[in-house]
Amino acid sequence: MQDQYRSCHTSARQNVLPESADLTEILSMIESTRNLVLIFKTSPEPQLIYVSSNSASISGYSPEDYLANPTLSQDILKPIGLELNTHTLDRFRIPLGPIPCYIPCKKGLPVSADLLCKLSSGRLIFCIQCQPQVRHNANHPDFSDKNLPATPLVMGFQPDGKLIFANQIFEEVTGYLVSEVTGEDWKSCGLFSRETTDLIIKMFQDRKPDTGQPFELQLIHKNGQTCWFSGHSRIINRDNKPSYLQLSASDITICKKSEKMLRLTRFALEQTTDAIFWTDSEGNFVDVNQSACNSLDYRREDLLKLKVTDIDALITNQTDWEAHWKNLKNSAYLSFESIHRNISGEEIPVEITANYMQCDKMEYNVAIARNIHLRKEAEKQLKFTSFSVEHTADSVLWVNQSGSIIAANMSACQSLGYTRTELCSLNVININPVCVAERWKTLWVRLKQDINFSLESDMFTKNGQQIPIEVMCNFLEFEGIDYCCAVLRDITERKKVDARLLRAAEEWRITFDNISDIVFLLDNDFNIQRANRAFTKTLNCQPQDVLNKKCYQVLHHADCPKVNCPKLIAFNTKKTQRIAYFEENIDKHFEETIDPILDANGLSMGTVHTIKDVTEHHKIAAQLMITDRLASLGELSAGLAHELNNPLTSVIGFSELIQEKILPEDLRQDIQIISQEAQRAAEIIRNLLTFARRHEPSKDWVDMNQIIHKVLAICNYGQKVHNIQLITNLDPNLPEIKADYFQMQQVLLNIVINAEYFMTQSHGEGTIVISSRKFNDSIQISIRDDGPGMSENVLNHIFDPFFTTKEVGKGTGLGLSIGHGIITQHGGKLYTESSEGKGATFFIEVPINQPD
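The sequence shown begins at 0 in numbering that gives the first Met the number 0 and counts up by one.
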């Protein structure tokens, strides 16, 4: 019988209770051992119906006590979390144990035990195996019964918390001798953590006879490792002796680690992105992880009601499943692709790894399904990409570091005239003789640095034809090997188009630059985008000096556009604008046309400006106007001269007759003065006749420097009186010209007198600088003063007859108009430059070689 028990015990450790043993055999084996057996019927309610006869020798309670008092069995099961009712019976369908527990005793310490459980034939069987004895403290003889049964770990504590006894298991699981931790050393030995110490003291303070619920405590092994225990406490009261706290605990360190690993494993299975299905041999789902639920959009409880055939598009019926199961059992492992259907009927491509396994004589299939939708899409994309590369119009070559061609697409074979096999046996130098070994090394170094770059080159076909190409080189690294992926594009037509575009661009540039008018383009922000040669020539600058600069800064030296800027008007109205203006910065008259540049949608892209320099037209128009006015004045002068000549002739004649008579000296001098003034008046009349073109001037070779000195001598007195300083800068090598001496003197004298007058009126003094020089084929005389200057309006009328800025009675307005006529008749030019507050400069230019 003892051998039968050992066999049963060994089998119980593995399978809880043997499947083949019937109830009679089990009872006969257990009655001869020190194991406590409890049997419960399960219907209609769980009820204790049998207790082994050895219960009295183990706990002090007889079988009748257990049957009459159900709390005795509950005191064994409840602390370890086992509660018997109709709702908890399902958990016992799978054999349980061994589970550490303890058996409450009628007297003394509880008995430590391991509980095994089996549900068989509608009955629930608990087999409780007892454990070793207590190791007591020699200093406490009250606990000398070494045969007292005990839990795996039993400790007793005095009210102050001192350890007074422990069993042998204590020394085995903690590494401490009982003598090392009893007495005053129990706190300082390091066995009890602070939390455990506080817990022990609190248990004694609570004075509860029994805690009822198990608790956990930590003990620190002598080697530093932490041990976990689960147990119960009770206060033991003895007659006339101090009560003590008894702790009964089982080592659950492995359980704690196993629970943690189990939780971690389950957590990992729940969190993995792959769907995991546990199925039985019939294809029913017995368990799934959360990813399986998420992938199919089912709740877990709903998914567990289904079979593989409900979700798999390839295993659609029981016949398919049986064939699959047979293959799985034969190979124990299968890997294949399939399609799952989610709750909405959508198909999901998956890769499945199926594993066959057995557990508790049951067969299972653990299938790990991975969603390969993205991989399928990538494979599809890869196939499409491969097809596209193969059939692209550009040639594609894959070349290794040595320049050998290792792969090529169809276009490369066709364009070069080789078969794929022939092409993959060549080197880069075979299709591009310029790319010799040294050049290829240089290109490879550049490729590794820049990753990609493009260049233009030529390739040679199998029959020797040379084709211009654009090469895009891309550096690739695959499985530790470096490659160059070269895309070759035939650019023969592009080269022809580029050549035509270059010619057209050059023709347009030449045409643009050779337009005599100023032409430039502005963007919407007034930036100069393009300007022709006339623009830069007019401004005396280089193209780079004006590009991308504001037009109002370059042309008008302003910080912002002018009010009513025609460019803004053209931009807003999208209509052509035309303006005429005088640009003071460069002293020129312009006529400008502004045309808006519109895109296909009618939006403004900028403006094109065409400017015509009309300065010469203005000068010619002014000269024509002056000439016309002088002609009118000439007609008037001719009539006046004719009317004045007769009385002057009489005055001169009679004055000469009177001078022939004998007269007092003072009277004679008066008559001479009358004669001289009459002759001077006659000379003025002759000048008017000259101005009126009644006769040609009397021209002879004259020295203009000499005439200047003569004029200055005449004006010397007035200059001294009015504090006028005279400075001359005359060219001593000035050539003679053919001119009327007196007319030239008249012109110079009139200009100097005007300068003296206006300087005296302005600030009571002044400086006149007279210069002469040879200027091209003419001589140029300039008379510069520091007087008040002239406004633009005065400059526009300065040579008009009878135009004067002098006070009434101080000037006739004929001096400069007559002088202009004299110089014009000599084939020269008389003009002036001035601005208000900066004086004035008159220029006389007379040709050296005048026409006859």
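Quick reminder that beta carbons are idealized off the backbone N, C-alpha and C, glycines included.
Cβ shell of residue i (< 6 Å), same chain only, five flanking positions each side left out
i           : result
residue 759 : 721
residue 592 : 577, 609
residue 352 : 334, 367
residue 331 : 355
residue 323 : 314
Span separating the alpha-carbon of residue i from that of residue j
i           : j           : result
residue 311 : residue 278 : 13 Å
residue 646 : residue 802 : 29 Å
residue 459 : residue 420 : 18 Å
residue 267 : residue 216 : 28 Å
residue 603 : residue 565 : 15 Å
residue 843 : residue 681 : 27 Å
residue 474 : residue 336 : 35 Å
residue 35  : residue 295 : 50 Å
residue 510 : residue 463 : 42 Å
residue 141 : residue 358 : With a pLDDT of only 40 at residue 141, under the threshold of 50, the placement of this residue in the model should not be trusted; the figure read from the coordinates follows. Rounded to whole angstroms, residue 141 to residue 358 spans 51 Å at the Cα level.
residue 660 : residue 642 : 29 Å
residue 242 : residue 204 : 12 Å
residue 492 : residue 455 : 14 Å
residue 725 : residue 708 : 11 Å
residue 761 : residue 703 : 30 Å
residue 690 : residue 747 : At residue 690 the pLDDT is 49, less than 50, meaning the model places this residue with poor confidence and gives no usable figure here.
residue 1   : residue 222 : With a pLDDT of 35 at residue 1, under the threshold of 50, the predicted position of this residue should be treated as unreliable, though the coordinate-derived value follows. If you take the alpha carbons of residue 1 and residue 222, they lie about 40 Å apart.
residue 452 : residue 524 : 36 Å
Residue i CB to nearest heavy atom of the ligand NAP below 7 Å
i           : result
residue 170 : This structure does not include the ligand NAP; it has no bound ligands of any sort.
Cβ pair residue i, residue j closer than 8 Å
i           : j           : result
residue 818 : residue 750 : yes
residue 125 : residue 71  : no
residue 249 : residue 273 : no
residue 517 : residue 498 : no
residue 84  : residue 45  : yes
residue 123 : residue 91  : yes
residue 47  : residue 78  : no
residue 488 : residue 466 : no
residue 396 : residue 412 : no
residue 730 : residue 605 : no
residue 847 : residue 734 : yes
residue 780 : residue 771 : yes
Integer Cβ distance of residue i from residue j, believed to fall under 8 Å
i           : j           : result
residue 822 : residue 845 : 7 Å
residue 425 : residue 364 : Contact doesn't hold; Cβ gap of about 55 Å is too wide.
residue 390 : residue 409 : 6 Å
residue 229 : residue 251 : 5 Å
residue 837 : residue 788 : 5 Å
residue 548 : residue 513 : 24 Å between Cβ atoms; not a contact.
residue 349 : residue 371 : 6 Å
residue 485 : residue 398 : 6 Å
Residues of its chain near residue i, where Cβ-Cβ distance is below 7 Å and the 5 sequence neighbours each way are ignored
i           : result
residue 698 : 737, 738, 739
residue 435 : 428
residue 225 : 217, 219
Residue nearest to residue i in terms of C-alpha spacing, selected from the options
i           : options            : result
residue 461 : 417, 448, 451      : 417
residue 841 : 754, 763, 649      : 754
residue 719 : 684, 763, 556      : 763
residue 864 : 403, 395, 702, 122 : Absent from the model: residue 864. The displayed extent of the chain is 0 to 851, so no value can be given.
residue 128 : 152, 796, 97       : 97
residue 117 : 189, 303, 39, 601  : 39
residue 752 : 555, 166, 815      : 815
residue 638 : 653, 662, 684, 612 : 684
residue 197 : 227, 161, 180, 165 : 161
residue 355 : 612, 367, 226, 305 : 367
residue 655 : 439, 179, 735, 672 : 672
residue 595 : 429, 386, 567      : 567
residue 571 : 500, 601, 582, 504 : 601
residue 438 : 415, 451, 406, 400 : 400
residue 165 : 95, 246, 665       : 246
residue 271 : 187, 220, 369      : 369
8 Å CB neighbourhood of residue i in its chain, flanking five on each side removed
i           : result
residue 308 : 282, 314, 315, 316, 317, 319, 320
residue 346 : 312, 338, 339, 340
residue 651 : 674, 677, 678, 681
residue 831 : 789, 794, 797, 839, 840, 841, 842
residue 275 : 268, 287, 288, 290, 291, 365, 366, 367, 368
Cβ of residue i within 8 Å of any chain D Cβ
i           : result
residue 505 : Given the protein chain composition of this structure (a single chain), no chain D is represented.
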